[in-house]
Amino acid sequence: MGMWMLLRKPRLQNSGGLAHSELLWVVTGQLLTLLLGMVTLKLLTTLLGPQDYGRFALGLTLAGTLNLFIYGPMGHAVARYFHICSSRGTSGDLERLVSILLRGSAAIIFLGGIVATLWVSSGAERSWGMLLFLALGYGVSSGTLSVYLADLNTRRERQTYALLQSADALLRLAGAVVLAIVVGVKDSAGDAAMAGFLLGSLASLLIVRFLQKKSSPPVTRGWRELFGAGALGREFGGYAFSITLFAIPAIFASYGDRWIIQQTLSIAQVGFYVALAQIANAPANLMLAVFSQTINPIIFQRAGDSSSIEAMRSSRHQLYRALLLLAFLLALVTGVSYVFGEWIVVILTSPDFAPYAGLLWVLVLAAAIFQIAQALAAEAFLYNRPFLLFLPKMLHASVFLGMALWLVVGSQLEGVAIAAVVAAAIYLPLVLTVNARAAKARGLDVSPSAVVSR
């Protein structure tokens, strides 16, 4: 059946509620992934040092670009269209469609990667050729896995999701550490760590295929029926493309700071900054992941095809109630990072990174504000209006890059961190505004009392 087949059949809860066992698996999986991520950070910053870790981090931006433009939008579309296709009785068509898209994307990226690698290797920056090829390979393998995980999450297969997610983090850690130790050569250890991530991610895909149960393929439509006028392929593709547009601001907001630092300061400074940013983003990313894994499938299931005002009202109410808890926890984490920042950096990295510990709480604050806005963005997807978020995201990226370019010259890494806080503080109210307008257009009450009084 290929990558798209599930490990076991879905058991969706009709009530849309969240069982305690589900929540336990969600939290366990995310905590294990966070722990393994921090162990990876500690070991790689120690083994590689700032220079090679910065090179490794720049390679990750190349892999992340594929996720932003291809696999992330595909995963979002899968999450949204699973329930739509279930209600239409066309789940088999969705399964076949995504399988075709995954195979086609991998083939195109592989061929393009070979050409790009040969071109880079023949130029003045030939040392970047191998890193480029490894990063693209890792982007394809991890991106394919992320689409599969998105399907599991939508079906609320929490146990399988948690185990596979944790296994992937462990395999990437093992691969990167082993290869970095074996290579152990300056200016090549970063490439070795990237190769380890690629091998670990490929091993995760092999585990998926090994665990799949044999079953008869579902009866699906042919190629023309999937991609013809008005067919599922067109509808799915249009939705995914609207999310792909967000990759334009996202690539600048997520990775632009790395390349600004590399161009204006040094690769070693990239290593310092990325290590601190990974520590700062870890708790916020963890909380948003738990939030998205538990809340988003429920609110999408309740909203259905967004044709019922009462269903949308109920979904919106649950989203905002959960958001209050998320905001409180992120505020608590920011306070902890301010008080214990230096101790945290010393524990989680090598001694070379300790002089920059004062930046940690600033980066944590930026991550907290930004992730609250990201959690709020789910509301636009409820109304099938994701494009409404494009302008807020573009403004966020523009402010961030503009201020970072301005401040990095005089304030160096501290200036980039301040730019991240200011940009996030602008982004949050913009998301609130577009959500309110979309809700009003659907006839919903957007007053605060409508959220807390229900």
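So our numbering is basically just the index in the sequence shown, starting at one, shifted up by 61. Virtual Cβ for every residue (Gly too), placed ideally from N, Cα, C. These numbers were taken from a predicted model, which means no experiment stands behind them.
Does the separation of the CB atoms of Ala301 and Pro134 fall below 8 Å? Against the sequence shown, residue 301 aligns to sequence position 240. Against the sequence shown, residue 134 aligns to sequence position 73. Their beta carbons are under 8 Å apart, which means Ala301 touches Pro134 by this criterion.
Whose C-alpha, out of Val139, Arg498, Ala223, is nearest the C-alpha of Leu523? A query on residue 523 cannot be resolved here, the shown segment of the chain reaching from 62 to 515 and no further.
Quick check: the stretch 117–126 against the stretch 193–202, are at least 3 beta-carbon pairs closer than 8 Å? yes
For Gln432, which residues of its own chain have a beta-carbon under 6 Å away from its beta-carbon, when the five flanking residues on both sides are left out? Along the sequence shown, one-based indexing puts residue 432 at 371. Here the set comprises Ala345, Leu349.
Buried or exposed: which applies to Ala499, given that a residue is buried once 16 or more other Cβ atoms fall within 10 Å of its Cβ? Position 438 of the sequence shown, counting from 1, holds the residue named residue 499. Buried, by the Cβ-count rule.
What residue range does the alpha helix (DSSP H) around Glu440 cover? Within the sequence shown, residue 440 is the residue found at index 379, counting from 1. Element bounds for Glu440: 439–443.
Express the C-alpha separation of Ser227 and Ser262 in angstroms, rounding to a whole number. Position 201 of the sequence shown, counted from the first residue, corresponds to residue 262. Position 166 of the sequence shown, counted from the first residue, corresponds to residue 227. Distance between the alpha carbons of Ser262 and Ser227 is about 11 Å.
Inter-residue CB distance, Ile340 and Leu421 (contact presumed, cutoff 8 Å): As a working note, residue 340 is residue 279 in the sequence shown. As a working note, residue 421 is residue 360 in the sequence shown. 6 Å between Cβ atoms; contact.
If you pair each beta-carbon of the stretch 390–404 with each one of the stretch 303–317, do three or more pairs fall below 8 Å? no
Could you spell out where the alpha helix (DSSP H) holding Thr325 opens and where it closes? Start at 1 with the first residue of the sequence shown, and residue 325 comes out as number 264. It spans 308–325 - the alpha helix (DSSP H) in which Thr325 sits, taken as one unbroken run.
Here's a check: name, in chain order, each residue in its chain whose Cβ is nearer than 7 Å to the Cβ of Ile487, leaving out the five neighbours to either side. On the sequence shown, position 426 is the one that residue 487 refers to. Within the same chain, Ile487 has close Cβ partners Leu456, His457, Val460.
Answer yes if the stretch 104–111 comes into contact with the stretch 131–151, meaning at least three C-beta pairs across the two stretches below 8 Å, and no otherwise. no
According to DSSP, is Ser182 part of a helix, a strand, or is it coil? Numbered from 1 along the sequence shown, position 121 holds the residue referred to as residue 182. Helix at Ser182.
Pair within 8 Å by beta-carbon distance, Ala343 and Met99: Taking the first residue of the sequence shown as 1, we reach residue 343 at position 282. Taking the first residue of the sequence shown as 1, we reach residue 99 at position 38. Against a cut-off of 8 Å, the Cβ pair of Met99 and Ala343 comes out as a contact.
Tell me which residues share the same chain as Gln112 and place their Cβ nearer than 7 Å to its Cβ, disregarding the 5 neighbours each side in the sequence. Position 51 of the sequence shown, counting from 1, holds the residue named residue 112. So the list reads Ile328, Ala329, Gly332, once near-sequence residues are dropped.
Residues in the same chain with beta-carbon distance under 7 Å from Thr410, minus the five sequence neighbours each way, listed in chain order, please. Numbered from its first residue, the sequence shown carries residue 410 at position 349. So the list reads Leu102, Lys103, Thr106, Ala336, once near-sequence residues are dropped.
Selected residue, minimal CA-CA separation from Gly419, among Ala428, Ile430, Val407, Ala429: For this step, residue 419 is matched to residue 358 along the sequence shown. Checking every option, the nearest Cα to that of Gly419 belongs to Val407.
Spatial neighbours of Arg426 within its chain, please: C-beta separation below 6 Å, excluding the five flanking residues on both sides. By one-based count along the sequence shown, residue 426 stands at place 365. According to the sequence provided, residue 426 is Leu. The question's Arg does not apply to it. Contacts found: Thr395, Val482.
Among Ser202, Thr94, Ala292, the one whose alpha carbon lies nearest that of Ile268: The count along the sequence shown starts at 1 and reaches residue 268 at position 207. Out of Ser202, Thr94, Ala292, Ser202 has the C-alpha closest to the C-alpha of Ile268.
Rounded straight-line distance, which links the Cα of Leu437 to that of Leu384: As a first step, residue 384 is located in the sequence shown; it is residue number 323 there, counting from the start. As a first step, residue 437 is located in the sequence shown; it is residue number 376 there, counting from the start. Rounded to whole angstroms, Leu384 to Leu437 spans 8 Å at the Cα level.
Out of curiosity, what's the CA-to-CA distance linking Pro490 and Arg216? Here residue 490 refers to the residue found at position 429 of the sequence shown. Here residue 216 refers to the residue found at position 155 of the sequence shown. Roughly 32 Å between the two C-alpha positions.
State the Cα-Cα distance for the pair Tyr209 and Gly471, rounded to the nearest angstrom. Within the sequence shown, residue 209 is the residue found at index 148, counting from 1. Within the sequence shown, residue 471 is the residue found at index 410, counting from 1. So the two alpha carbons sit approximately 45 Å from each other.
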